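K.L.:
Protein chains in written order, with the working numbering: chain A, 354 to 675; chain B, 287 to 748. Have a look at this one before I ask anything.
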Amino acid sequence: MDGHFVPPDVIEVEGLVKVYGRKGGTRALNGVSFSVPKGDIFGFLGPNGAGKTTTIRILSTVLAPTGGTVRIAGHDVHEDPMAVKERIGVMPDEVSFYPTLTGLAHLQYYASFHGIPRAAAKRRAIDLLGQVGIGDVARKKVKTYSHGMKKRLALAQSLLHDPELLIMDEPASGLDPQGMRYFRDLIRFLNGKGKTVFLSSHLLSEVEQLCEHVGIIDRGRIVAADSIANLSSKMSAGAPIILRVTAEGITDEAIASVTSISGVTGATRTANGLDVTVQSGTDVGPDVSKALVLAGARLKELKTSERSLEDLFFALTKGGRV
Amino acid sequence: MKAPAFLRGLVPVGWHEFYVNLRSVRMLIMIIVLALIMVGGAYGIGRGSSAGGPSIAPLVAWVHPAIGTSGEHIAVAWVSDPFGVPLPGATVSFTDLSVQPPAPLGTTSADADGFARLAVGNRSSIGITVRTGNAESGSGVFFDRPVENFTVETRQEALDTDSVPNDLGVHVLGRAGVPVAARLWLNDTYVKDVDSRGYGRLELPLGPSNVTIEVAGENQTRAVFTSKPLPSPFFTIGPDFVLLIMAAGFATFVIPIFAVVVTFDAISKERVQGTLDLLLSRPASRVGTLLGKFLGTFAAVALPVTLVNLAGIAVLTAVSGKGPTGSFALAFLGLSLLLIAFYIPLQLIFSTLAKTSGTAILFGFLVWLAFNILYPVITFVLSSVLFPNSFQAQFQFSQVVGLGNPSSIYTQLVTFAAPEAIRFSFGGGSTLSLTAVASAALVWFVGMLALAMWTFQRKAAE
Ligand SMILES: Nc1ncnc2c1ncn2[C@@H]1O[C@H](COP(=O)(O)OP(=O)(O)O)[C@@H](O)[C@H]1O
Ligand SMILES: [Mg+2]
C-alpha cells in the first residue's frame, strides 16, 4: 500500500454505545468501533441479537446513540444528519410498506423528500422498478406483493437518489437461492459503479462470497475486524491443526506413543478413531501413522482438517478465543 | 423551492398523510357518522323548533265587498304573501254562509295581479278560502251594511326581525272592487300612496296611532295600537338556537371522536407496520415530519368536517325558512377547526409513545374519555363540594377549571360567538373574558404541538 492513494473512510464509527430505554435498559452496543473504506463491500457479521440492526439504525440517522461518534462521508450523524441522509440509501431488515399504496406511489413519495421534480421522479421510479425486476407490478398495491417483490422494492427505494453509500440490513433474509444470487450480483454491480456497500448478515457464507472486509460483532462488541484474506491467513498461521484419524484397535499405548511425538499437543478418542491436535507448521502425519501401526492399530484414513472461517466465526461469537 | 432545513419533510409527509387518510375506510365511516349527527340533528331540531316558534301565515287573503254595475254584490279577494307581493294562481273558493249547511259557490284561480272576484247576486255573507301549496287562509265578506265608496282591509303583524308587531299592511279597493289611487297618512302626516294593486305598508310607532286613508278627497280613519315587544322569553327558538345546540352539544362530542379516530395511530401505525425507519432515514427533519403529520391529518379531518357543517347549516336554513346569523355560522365553522386542532397534537403525542396498535387505540379512547366525560364530571363534583351554597361560584369555578380542557375552551368560545339573545340559554355566558379564553386556547394548542414535537424528536425511533 505504501505510496498508493488510500481512499478515505466512508464510515467511521468510534466507541459507539446504545442503551435502549432508561438507564439500566438493554445495552445493545458497548463501545463499537470500525471503519469502512470508500468503494468497499463491508460485511457486518454477527449472530441474532448481536447489535447489527441497532448499529444500522444509528448509521441511518434513525436512532440517536447513547455515546460515541459516527461519521459518514465526513459528516457527523448527530451534528449534520441532513448531509448524511442525502448520501445514504437504506434497506431496513424488515421490508414493510404502506399496504394500500402501489410500488410506484412509494417511490414517488420517497423521491419527494429528495427534491426530485415530479416528472423526473416518476421516470426514475419506473426505470428503477424495471431494473430490479418488478416493473410489471409497479401499479399494483404493495399488499399484493410477495416477500421477494418487497425486497426488490426496498432495494429500488434505496437507490432513488443515487446515494454513495448503501446500508443494507440482512438483504438476503427470507430469499430463495435464486433471489440471493440476484441480490449478490446486483450488489457487486452497484459496487462496480462506485457505491460503497455496508451489509449485515448472520450468515458467514453470504459475507464470504461478497465482501472484502468484515467486522464481526457479538453482544454489542466488535470481536474482529479485518479483510477476509487476513482473517483466513491468521487462522492458518498460528492456529493448531487437527489430524482426523480413522482406525480400529487403538490402544492406550498407541495414544501414549502418539502424544510423545514432538509437535503433537494432544490426542482424543472419537467414535471411529482419534483426533490429534498438532502445532501448525509441523508435518507429523507420517510419524503419527507409523506410531499407530507399530502399536497394533489398523489404520484406515488420516486427514488434515484446517480450521475454516466458520470455526473462527463460531469461536469468536461463542465467547471462545483464537 | 426548498423548505428551510428545520422544516424539511413537511410537504411530502403532509400530502402523504392527507391522501392516505382521505382514502381510508375509517374516514368514510366517520363522515357518515358525523353527517348523520350534524345534518340529521339540524333537520330534526330545525323542524321541531320552526314548528314551535312564532310564525306568520305564508299567505294572506285581503277580502272586500263590492257592488257591480247593475247593483249586484261582488265578493273580492286579493291574495298576497305577508309582505304584499301578489300570489297569482292561488286557489280561491267562495261559499255562501247564509244557508245551512254553507253552500259552495265556485272556485277560481287568482289572476296575474292576485285578484279573484265572484258575483254573488244578493247574497250577504260570503266565505272565502285561499290556498297555495298546502298553506291555507280564510276570511269572510259581508254585505250587511251599505258598501262605501272605498273599502279598507288592514293587518298588523311583526314582519321584520324586531319581533314588535308594528308593521301595518293596508289594502284599499274602490266600491267597484278594483284598485284606486289612495294616500296613506299616519298621525296626520302623509306617508305614501298605495301601489297599483291597492297595497301599502306602514311602520307604526309604539302606543296608539291614527291611520288615515284618503281616496279622492274622502277619508277613513282607523285607530291602531302597537304594544311593546313582549318581554323576551328565556331564549328564542330559531335557527341560531339550533346552531348553538349543534355547536355546543353535538360537535363537542363528535368532532373530537372524528379527530381521534383518524389520528390515534398516525405514528404508531408506521412503527407497527414497519415503515417508520424508512421515513426517519429520509432527508426530513423531525420537526418537519411531525408538522407534516399534523397538517396532513388536520386537513384530512377539517375538509369533511367543514363540508358536513355547511350541509348542516344549509339543511337548517331550509327547514326553518331562515338562516342562522352569519357571523355565528362562520364562528361555528372556524371553531370546529380549532377543536380538531386541539385534539390532533394530543393524539400525535400518544401515538409516538404507543408501541402497539392496542395501546394506541386505548390512548385514543382515554384521551376522548378524559376530556369529554372525566374532566367535566370531576370539575362538577369538585365545584359542588367547594362551593355548596353558591351556584354562581360553582359556575365560575367550572369555567376557570375548564380552561385546562380543550372541549370546554371550545364550548366557551362558542357561547362567546352566539348572538346575545341566546347566549345564556345553553349553560353559556362566560364569567371569563374573551381574551382569557382565547389565550387559554392559544396556550393549549401551541403547548400541545410543541410537546408533540419534543416527544417525536426524542421517542420516535426508540
Ligand atoms: N427498540 C428496542 N428496544 C429495546 N431493546 C432493543 C430494541 N431493539 C433491539 N433491542 C435489543 O438490542 C439488542 C440488539 O438487537 P439488534 O440490534 O436488533 O440485533 P441484531 O440486528 O444483530 O439481531 C437485542 O438484545 C435486542 O433485544
Ligand atoms: Mg437485526
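Glycine included, every Cβ here is placed at the ideal spot set by N, Cα and C. The structure displayed is predicted, hence computed values, not measured ones.
Thinking just about the alpha-carbon of each residue, which of B/Leu-735, B/Ala-703, B/Phe-731 and B/Leu-699 is nearest to the one in B/Val-723?
P.N.:
Answer by Cα proximity: B/Leu-699.
K.L.:
Where DSSP assigns a beta bridge to B/Arg-417, which residues make up the other side?
P.N.:
DSSP lists B/Thr-377 and B/Glu-422 as partners of B/Arg-417.
K.L.:
Any chance the CB of A/Tyr-373 is under 7 angstroms from a heavy atom of ligand 1?
P.N.:
Indeed, a heavy atom of ligand 1 lies less than 7 angstroms from the Cβ.
K.L.:
Within 8 angstroms (strictly less), CB to CB, does A/Glu-367 reach chain B?
P.N.:
No, A/Glu-367 lies away from the interface with chain B (no Cβ there is under 8 angstroms from its Cβ).
K.L.:
What do you get for B/Ala-746, buried or exposed, if any count of 16 or more other CB atoms within 10 angstroms of its CB means buried?
P.N.:
Classification of B/Ala-746: buried, given that the 10 Å Cβ count is 16 or more.
K.L.:
Following the continuous alpha helix (DSSP H) through B/Ala-617, name the residue where it begins and the one where it ends.
P.N.:
Start and end: 612 to 639.
K.L.:
By a C-beta neighbour count over all protein chains shown, 10 Å radius and 16 as the cutoff for buried, is B/Val-406 buried or exposed?
P.N.:
Per the 10 Å Cβ criterion, buried.
K.L.:
Pull every residue with its beta-carbon under 5 angstroms away from any heavy atom of ligand 1, and keep them in chain order.
P.N.:
In chain order, the hits are A/Tyr-373, A/Thr-379, A/Ala-381, A/Asn-401, A/Gly-402, A/Ala-403, A/Gly-404, A/Lys-405, A/Thr-406 and A/Thr-407.
K.L.:
Using alpha carbons as the reference points, say which of A/Val-641, A/Asp-522 and A/Ser-642 lies closest to A/Leu-412.
P.N.:
Ranking the options by Cα distance to A/Leu-412, first place goes to A/Asp-522.
K.L.:
A/Leu-506 to A/Arg-410, Cα distance in whole Å?
P.N.:
Going by the C-alpha atoms only, they are around 19 angstroms apart.
K.L.:
Using a beta-carbon distance below 8 angstroms, is B/Ser-643 in contact with chain A?
P.N.:
For B/Ser-643, the answer is no, since every Cβ of chain A falls outside 8 angstroms of its Cβ.
K.L.:
Select from the stretch 553 to 571 of chain B all residues with a C-beta closer than 7 angstroms to any C-beta belonging to chain A, and list them in chain order.
P.N.:
Correct list: Gln-559, Gly-560, Thr-561, Asp-563, Leu-564, Leu-566, Ser-567, Arg-568, Pro-569 and Ala-570.
K.L.:
Under 7 angstroms: does the beta carbon of A/Glu-523 sit that close to some heavy atom of ligand 2?
P.N.:
Yes, Cβ of A/Glu-523 sits closer than 7 angstroms to a heavy atom of ligand 2.
K.L.:
Report buried or exposed for B/Pro-674, applying the criterion of at least 16 other Cβ atoms within 10 angstroms of its Cβ.
P.N.:
Exposed is the call here.
K.L.:
Cβ-heavy atom distance between B/Asp-563 and ligand 2 below 7 angstroms?
P.N.:
It does not: the Cβ of B/Asp-563 is nowhere closer than 7 angstroms to a heavy atom of ligand 2.
K.L.:
Taking the beta strand (DSSP E) that B/Val-477 belongs to, which residues open and close that run?
P.N.:
Unbroken beta strand (DSSP E) run through B/Val-477: 475 to 479.
K.L.:
What would DSSP say about B/Gln-559, mapped onto helix, strand or coil?
P.N.:
In this structure, B/Gln-559 counts as helix in the three-state DSSP scheme.
K.L.:
In the DSSP assignment, find the beta strand (DSSP E) that holds B/Tyr-485 and state where it starts and stops.
P.N.:
485 to 489 is the span of the beta strand (DSSP E), which, as asked, contains B/Tyr-485.
K.L.:
With B/Ile-695 as the anchor, note down where its alpha helix (DSSP H) starts and where it stops.
P.N.:
That run of the alpha helix (DSSP H) goes 692 to 703.
K.L.:
Using a 10 Å radius around the Cβ and a threshold of 16 neighbouring Cβ atoms, would you call A/Lys-504 buried or exposed?
P.N.:
So A/Lys-504 ends up on the buried side.
K.L.:
Within 7 angstroms: the Cβ of A/Asp-446 and any heavy atom of ligand 2?
P.N.:
Yes, the beta carbon of A/Asp-446 sits closer than 7 angstroms to at least one heavy atom of ligand 2.
K.L.:
Tell me which same chain residues have a C-beta within less than 7 angstroms of the C-beta of A/Ala-577, skipping the five on either side of it?
P.N.:
Here the set comprises Ile-569, Leu-584 and Leu-669.
K.L.:
According to the neighbour-count rule (16 or more other Cβ atoms, all chains shown, within 10 Å of its Cβ), is B/Asn-496 buried or exposed?
P.N.:
Classification of B/Asn-496: exposed, given that the 10 Å Cβ count is below 16.
K.L.:
Would you kindly work out how many angstroms separate the C-alpha atoms of A/Val-617 and A/His-555, rounded to a whole number?
P.N.:
Each residue's Cα considered, the two are about 35 angstroms apart.
K.L.:
At the 8 angstroms Cβ level, is A/Lys-656 part of the contact set with chain B, yes or no?
P.N.:
No, A/Lys-656 lies away from the interface with chain B (no Cβ there is under 8 angstroms from its Cβ).
K.L.:
Which residue spans inside the stretch 412 to 472 of chain A form an unbroken beta strand (DSSP E) run of at least 3?
P.N.:
Fully enclosed beta strand (DSSP E) runs of 3 or longer: 420 to 425 and 441 to 444.
K.L.:
Would you be able to state if there are at least three C-beta pairs under 8 angstroms between the stretch 529 to 539 of chain B and the stretch 562 to 572 of chain B?
P.N.:
At 8 angstroms Cβ cutoff, the stretches do not touch.
K.L.:
Bridge partners of B/Phe-511, per DSSP?
P.N.:
According to DSSP, B/Phe-511 bridges with B/Pro-494.
K.L.:
If we call anything under 8 angstroms between Cβ atoms a contact, is A/Val-423 one with A/Leu-369?
P.N.:
Their beta carbons are under 8 angstroms apart, which means A/Val-423 touches A/Leu-369 by this criterion.
K.L.:
In the DSSP assignment, what residue or residues form a beta bridge with B/Ser-505?
P.N.:
Checking the displayed sequence, the identity of residue 505 of chain B turns out to be Asn instead of Ser. B/Glu-500, per the DSSP bridge assignment.
K.L.:
Residues of chain B with CB closer than 7 angstroms to the CB of A/Phe-466, please, in chain order.
P.N.:
Ordered by position in chain B, the residues that pass the 7 angstroms Cβ test against A/Phe-466 are Gly-295, Pro-298, Arg-568, Pro-569 and Ala-570.
K.L.:
Pull up the distance between the alpha-carbon of B/Glu-504 and that of B/Pro-465, whole angstroms please.
P.N.:
Going by the C-alpha atoms only, they are around 15 angstroms apart.
K.L.:
Mind checking which residues open and close the alpha helix (DSSP H) that includes B/Ile-541?
P.N.:
Here the alpha helix (DSSP H) through B/Ile-541 covers 538 to 549.
K.L.:
For the stretch 410 to 435 of chain A, which residues have a beta carbon sitting closer than 9 angstroms to at least one beta carbon of chain B?
P.N.:
Here the close residues are Arg-410, Ser-413, Thr-414, Val-415, Leu-416, Ala-417, Pro-434 and Met-435.
K.L.:
Can a CB atom of chain E be found closer than 8 angstroms to the CB of B/Ala-747?
P.N.:
In summary, chain E is missing from the structure at hand, where the protein chains are A and B.
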